[in-house]
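Notes follow once the structure below has been shown.
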Amino acid sequence: MNIIKLQDLYFKPYINKEKITTIVKYLAKSVKADLPKGEIPIFVGILNGCFLFAADFIREFNGDCEVSFVKLASYEGTSSSENVKHLVGINEDLTGRTVIILEDIIDTGATLQEIYNIFKDKNVKQLRVATLFFKPDVFKKELPIDYIGQSIEDKFIVGYGLDYNGLGRNYPEIYQLSTTPKMKNIVLFGPPGAGKGTQAAFLKEMYNLVHISTGDVFRFNIKNKTALGILAKKYMDEGNLVPDEVTINMLKAEVEKNADSNGFIFDGFPRTESQAAALDTFLAEKGEQINGMVALEVSEDILVTRLLERGKTSGRADDTDEAKIRNRFNEYNTKTAILKDYFQAQDKYYGINGVGSIEEITQRITTVFDTL
Ligand code: AMP
Numbered sequence: 009m010n011i012i013k014l015q016d017l018y019f020k021p022y023i024n025k026e027k028i029t030t031i032v033k034y035l036a037k038s039v040k041a042d043l044p045k046g047e048i049p050i051f052v053g054i055l056n057g058c059f060l061f062a063a064d065f066i067r068e069f070n071g072d073c074e075v076s077f078v079k080l081a082s083y084e085g086t087s088s089s090e091n092v093k094h095l096v097g098i099n100e101d102l103t104g105r106t107v108i109i110l111e112d113i114i115d116t117g118a119t120l121q122e123i124y125n126i127f128k129d130k131n132v133k134q135l136r137v138a139t140l141f142f143k144p145d146v147f148k149k150e151l152p153i154d155y156i157g158q159s160i161e162d163k164f165i166v167g168y169g170l171d172y173n174g175l176g177r178n179y180p181e182i183y184q185l186s187t188t189p190k191m192k193n194i195v196l197f198g199p200p201g202a203g204k205g206t207q208a209a210f211l212k213e214m215y216n217l218v219h220i221s222t223g224d225v226f227r228f229n230i231k232n233k234t235a236l237g238i239l240a241k242k243y244m245d246e247g248n249l250v251p252d253e254v255t256i257n258m259l260k261a262e263v264e265k266n267a268d269s270n271g272f273i274f275d276g277f278p279r280t281e282s283q284a285a286a287l288d289t290f291l292a293e294k295g296e297q298i299n300g301m302v303a304l305e306v307s308e309d310i311l312v313t314r315l316l317e318r319g320k321t322s323g324r325a326d327d328t329d330e331a332k333i334r335n336r337f338n339e340y341n342t343k344t345a346i347l348k349d350y351f352q353a354q355d356k357y358y359g360i361n362g363v364g365s366i367e368e369i370t371q372r373i374t375t376v377f378d379t380l
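The structure is reproduced here in structure tokens:
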């Protein structure tokens, strides 16, 4: 899930498909469990927002029932300025029936109250309300809400039938109103030795971004003999990846330290799919996102030569021994290279030829950076 833009507003991922399915299943099961044996209920969906929820709910309910939809229409009376509300779409005789109203979301409860009053006059046997989402902080009515899928905070949401100015109903997940992304966040990607660090040093100046190299942060910690450094060292010296949890927490802390920046160049992170997913979620929570992955593409043989050359002066234990270098490539090929697909699937992958002079490569990267 990504940040989406609907007209002038940005929305960030909030509740995913799996979670929605779980909530709908729970609601259908609860409603069914409370019905007397043999009772055939009429489900009444409140349009437009409930159409996806109602469809999924009724499939999950999986029993005899009738289904109807209503819409609360409001129009200005001709002789007065008073708002007249009436229900469109209900033709059935509801006398003696069990009616269950299906709502996608209840916030103040004003709409529901109108609908509830109209149904109360129809001699129904029982009137119940099931809602997918409920905003307890703004609900102002005395109405009983019999079934609540999930209570949520008072923020505007879209997706799964819910709209903003008519848009967004088609998304299978729920998104929450976000602030406009302000940052430019780039993942600088490529195998060990591709030149990420060298290029990042230029790019951070040119674009006024904060450069976070997870490798550098680890090395800084090792040098200062911190607990994190001691832990990371045994992995790094062998050319293995440091465990995800450790790395992700460290990365988050680095981002938090620079919360006011224009954006970040992530160098050496993410390196696994779970790091990529954690980064997406973390940024989305801030109303931010990755704008693109810029990848330096260089063949492995050139890289091994480059790294051995660098090892003569870098003082890095993982640069001096060919077996350890090969292991880093092995880690890269088995765990990291797949991130190309991950970002490609989001239309965010930009491959760049990483062979040439430093200036040539910077030039190639800036051409892409300028478009992000
Ligand atoms: P680098 O300076 O990016 O080549 O990273 C050097 C070493 O630091 C790697 O071989 C790993 O042992 C460790 N490291 C750096 N970034 C990460 C990461 N995102 N996930 C796991 N380990 C990392």
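First residue of the sequence shown: 9, per my numbering; consecutive thereafter. Glycine is no exception: its CB is placed at the ideal position from the N, C-alpha and C atoms.
_Under the three-state DSSP convention, the category Met258 falls into_ = helix
*Using three-state DSSP, classify Phe51 as helix, strand or coil.*
strand
*Beta bridge counterpart(s) of Leu304 as assigned by DSSP*: Ile360
*Name the residue from Thr375, Ala41, Thr139 and Pro21 whose alpha carbon lies nearest to the alpha carbon of Met214.*
Thr375
*Kindly give me the distance between the Cβ atoms of Leu185 and Phe19, rounded to whole angstroms, as I take these residues to be in contact under 8 Å.*
6 Å
*Tyr282 in three-state terms, based on DSSP*: For the record, residue 282 in the displayed sequence is Ser; it is not Tyr. Helix at Ser282.
*Going by beta carbon distance, what residues of the same chain come within less than 7 Å of Glu368, once the five residues before and after it are set aside?*
none
_Cα-Cα separation between Glu317 and Leu217, rounded to whole angstroms_ = 29 Å
*Taking Glu308 and Ile360 to be in contact with their CB atoms under 8 Å, please state how far apart those CB atoms are, rounded to whole angstroms.*
In fact, because the Cβ distance is near 17 Å, the residues do not count as touching under 8 Å.
*Tell whether a beta-carbon distance below 7 Å holds between Gly247 and Arg336.*
yes
*Under 7 Å, do Ile156 and Thr139 count as touching if we go by C-beta distance?*
yes
*Assign Leu4 to one of three DSSP states: helix, strand, or coil.*
Because residue 4 is not part of the residues shown, which for the chain are 9 to 380, the question remains open.
_Alpha-carbon to alpha-carbon, Lys348 and Pro21_ = 22 Å
*May I ask whether a heavy atom of the ligand AMP can be found less than 6 Å away from the beta carbon of Ala222?*
It should be pointed out that residue 222 corresponds to Thr in this sequence rather than to Ala. Answer for Thr222: yes, Cβ within range of the ligand AMP.
*Buried or exposed: Ala41, going by 16 or more other Cβ atoms within 10 Å of its Cβ?*
exposed
*DSSP bridge partner residues for Glu111 (one or two, in chain order)*: Thr139
*asked:* Is Phe351 near the ligand AMP - that is, is its Cβ less than 6 Å away from at least one heavy atom of it?
replied: no
*Compare the beta carbon distance of Glu68 and Ala36 with 7 Å and say whether it is the shorter of the two.*
yes
*Is there contact here, the stretch 245-262 with the stretch 276-287, by at least three beta-carbon pairs under 8 Å?*
yes
*May I have a chain-ordered list of the beta strand (DSSP E) segments no shorter than 3 residues that lie completely inside the stretch 115-182?*
134-142 and 155-159
*What three-state label does DSSP hand Asn229 in the structure shown?*
helix
*Just the Cα atoms here: how many angstroms apart are Leu17 and Val75?*
34 Å
*Would the C-beta of Met244 count as close to the ligand AMP, meaning under 6 Å from any of its heavy atoms?*
yes
_Close beta carbons around Ser365, own chain, < 6 Å, minus the five adjacent residues each side_ = none
_Own chain, CB closer than 7 Å to Thr86, minus 5 neighbours either side, in chain order_ = Unreliable placement is indicated for Thr86, whose pLDDT of 46 sits below 50; no coordinate value is reported for it.
*Could you pull the start and end residues of the alpha helix (DSSP H) that Tyr215 belongs to?*
Lys204 to Tyr215
*Where the beta strand (DSSP E) containing Tyr403 begins and where it ends*: Residue 403 is absent from the model: the chain starts at 9 and stops at 380.
_Leu316 beta carbon near the ligand AMP (any heavy atom closer than 6 Å)_ = no
*Under a three-way DSSP split, which group does Gly271 fall into?*
strand
_Three-state secondary structure assigned by DSSP to Leu196_ = strand
*Would you check if there are 3 or more beta carbon pairs closer than 8 Å linking the stretch 104-115 to the stretch 127-135?*
yes
_Residues near Pro189 by beta carbon distance below 7 Å, same chain, minus five either side_ = Ile11, Tyr18, Gly295, Glu296 and Gln297
*Gln207: buried (16+ other C-beta within 10 angstroms of its C-beta) or exposed?*
buried
_Just to confirm my understanding: we take Glu84, look at its own chain, exclude 5 residues before and 5 after, and list those with CB closer than 6 Å. What are they?_
Legend: pLDDT at Glu84 = 48, less than 50; position of this residue unreliable, value from coordinates given subsequently. Correct list: empty, nothing qualifies.
*Considering only the beta carbon of each residue, do Glu181 and Gly167 sit closer than 7 Å?*
yes
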